[in-house]
Amino acid sequence: MAYDLIVIGSGPGGYVCAIRAAQLGLKTAVVEKWPTFGGTCLNIGCIPSKAMLNATELYEEAAEKFAEMGIKVGGPSVDLAAMLKYKDKGVDGNVKGVEYLFKKNKIDTSRGVARITAPGSVEVISDDGKTQTLQAKAIVIATGSDVARLPGIAIDEKRIVSSTGALSLSKVPQKLLIVGAGIIGLELGSVWRRLGAAVTIVEFLDHILPGIDGEVARQAQRLLQKQGLTFKLSSKVGAIDASGKSLKVKVEPAGGAAETLEADVVLVAIGRVPYTEGLGLDALGVKTDERGRVVVDPHYRSSLAGIYAIGDVIAGPMLAHKAEEEGVAVAEILAGQAGHVNYAVIPNVVYTYPEIASVGKTEEELRQAGAAYRVGKFPFTANPRARVNLTTEGFVKILADAKTDRVLGVHILGSDAGNMIAEAAIAMEFGASAEDIARTCHAHPTLPEAVKEAALDVAKRAINF
Ligand SMILES: Cc1cc2nc3c(=O)[nH]c(=O)nc-3n(C[C@H](O)[C@H](O)[C@H](O)COP(=O)(O)OP(=O)(O)OC[C@H]3O[C@@H](n4cnc5c(N)ncnc54)[C@H](O)[C@@H]3O)c2cc1C
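The sequence shown begins at 39 in my numbering and counts up one residue at a time.
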């Protein structure tokens, strides 16, 4: 049967693209090589990591804050096997949800590794070696990304792990060394620290969280250090000796003497790389860039007619919601509509405690561009709800155009920042000024009142600080 569209990969980019295409009347098929749908995000990424973050945050809250609120539960303890089961149950429910949505939208699915043999033609090789050929007017590559590896360091997912192994350790390591102080390193470092591991994070750069507003990243580092994470910045992991009972990790600080740190487990969290293995792109002549990403034009067209690409496999932030927006946009373009993604308003959230959420420009970016801007800030210590919730860490920072007052960036370090950033994203999508946010009535007592106060502070008229 010939399809209008074949989507390769069922991650947030691929499955959302397929559903939107089906809604628009395109006869659609999805090819997935894994046994379950949902890609990195649902199986080994966003969802399992957030399950572990949620469980361990509540565990720490019970241990450290309940008594102050007059709740007596005794010292809470952890049943790691049960916690991992809770995580797996969450994953299972979500991946089955995607399967249900495919059926509901009458999307055909095919299990196996897809290879594009020619524009319009996809060969699917299933686990048992059987081959099937599918035809379609258009093909969308949504094959996502894979773990970036360190040269000379083999990941065995037991002692030297990627995020995938770090989400399923059957024992809490005494010493966990993490390579990379990006989002995944900080989130999984927080999980295992809360469960009792001594966590050291080695970072090549002189700061954590590259790409995040500097003031926010510095404050976040202070808070995470206070919680017990140890950072070794401007340092490089050279080699790991795995011959003994514990791992011996050579850490080389810039300009200093190398030291050897011992660890039970090393997590390599230096980022992710686009995944195109087995797709046959070279043979077809589909262009990729120097980092292996499929090159696309603003309409997600690759260098070969009829072949499109979205999500982690193309340029841009490797985020599930970015992939989803691109999935919708390309489906709409294929159906003759004007699909479009506003890359200026893609929120970014780090689910540590406190959370770190941002949208739009950082102060560094504005300074570098020579933009004239004003800053409004409001600390959660001055927010009544944060005070009674015992969550006063952090602040809201709003950057607005000095002349027009248009909001250029919003950065939140605080409990529930990930939920609060949605308000900022909507405001920016509608081209709001700081005064628009400041004049919008916010319910009391809520944490988002801090967003309103930061917006008021852009004009130096915050009420509660
Ligand atoms: C630990 C971790 C935590 C994360 N947390 C977050 C978070 O909180 N928020 C967030 O926004 N992002 C998060 N991410 C990133 C997010 O998971 C990715 O940005 C997102 O999954 C990308 O979606 P995608 O559809 O492009 O690709 P993927 O989700 O990677 O899906 C690609 C799919 O394609 C399939 N595939 C590949 N090649 C073939 C082939 N030849 N034939 C058939 N099928 C194929 C794969 O099996 C896979 O299912 C996290 C990632 C990790 C690793």
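The C-beta atom is built at its ideal place from N, Cα and C for all residues, glycine as well. Note that this is a predicted model, so its numbers are computed, not measured.
C-alpha of Ala493 to C-alpha of Ile475: approximately 6 Å in a straight line. Under the three-pair Cβ rule at 8 Å, the region 87-100 counts as touching the region 388-403.
Sorting Arg412, Ala174 and Asp166 by C-alpha distance to the C-alpha of Lys441 places Arg412 at the top. Within the region 43-86, the complete beta strand (DSSP E) runs of at least 3 residues fall at 66-70. For Ile179, no alpha helix (DSSP H) run applies; the uninterrupted beta strand (DSSP E) run containing it begins and ends at Thr169 to Ile179, by DSSP.
For Phe416, the secondary structure class from DSSP, reduced to helix, strand or coil, is strand.
In this structure, Met356 has its CB closer than 6 Å to one or more heavy atoms of ligand 1. When the beta-carbon positions are compared, Ile154 and Gly318 come within less than 7 Å of each other.
Ranked by Cα distance from Glu195, the first of Leu172, Val304 and Ile216 is Val304. Annotated three-state conformation of Val496 is helix, per DSSP.
Taking 6 Å as the cut-off, the C-beta of Pro50 counts as close to a heavy atom of ligand 1. In this structure the region 68-84 does not touch the region 92-109; the number of beta carbon pairs closer than 8 Å is below three.
The secondary-structure analysis by DSSP pairs Phe433 across a beta bridge with Pro417 and Leu451. Note on geometry: alpha-carbon atoms of Lys325 and Thr314 lie some 12 Å from one another. Judged by DSSP secondary structure, Ser201 falls within the alpha helix (DSSP H) whose first and last residues are Ser201 to Ala204. Here the alpha carbons of Ala56 and Leu62 stand approximately 10 Å from one another. With 16 or more other Cβ atoms from the protein chains shown falling within 10 Å of its own Cβ, Arg310 counts as buried. Beta-bridge annotation (DSSP): Ala301 is paired with Leu285.
Look at Phe140 here: in three-state DSSP terms it is helix.
Distance from Val351 to Ser340 at the Cβ level is roughly 10 Å; contact not present, criterion being Cβ atoms closer than 8 Å.
Taking one beta carbon from each stretch, the region 286-302 and the region 269-278 have 3 or more pairs nearer than 8 Å; the two touch. The distance from the Cβ of Pro422 to that of Pro483 is about 5 Å, consistent with a contact at the 8 Å cut-off.
Short note on Glu161: C-beta not closer than 6 Å to any heavy atom of ligand 1. Per the C-alpha coordinates, the member of Lys360, Ala367 and Ala460 positioned closest to Ser396 is Ala460. By the CB criterion at 7 Å, Ala180 and Gly349 fall inside the cutoff.
The three-state secondary structure of Pro422, taken from DSSP, is helix. In this structure the region 164-182 touches the region 40-48; the number of beta carbon pairs closer than 8 Å is three or more. Around the beta carbon of Glu363, a 10 Å sphere encloses 16 or more other beta carbons of the protein chains shown; the residue is thus reported as buried. The region 197-216 makes contact with the region 234-241; the number of CB pairs closer than 8 Å reaches 3 or more. The straight-line gap separating the alpha-carbon atoms of Lys399 and Ala376 is approximately 26 Å.
Judged by beta-carbon spacing, Leu188 lies beyond the 7 Å limit of Ala204, meaning their Cβ atoms are not closer than that value.
Nearest to Arg425 by alpha-carbon distance, out of Glu106, Val54 and Leu357, is Glu106. Nearest Cα to Asp244 within the set Ala219, Ser228 and Leu224: Ala219.
By the neighbour-count criterion, in which a residue is buried when 16 or more other Cβ atoms sit within 10 angstroms of its Cβ, Arg331 is buried. Counting C-beta atoms within 10 angstroms of its own C-beta, Lys360 has 16 or more neighbours from the protein chains shown and is therefore classed as buried.
Contact check for Ala67 against Ala369 fails: the beta carbons are separated by 7 Å or more.
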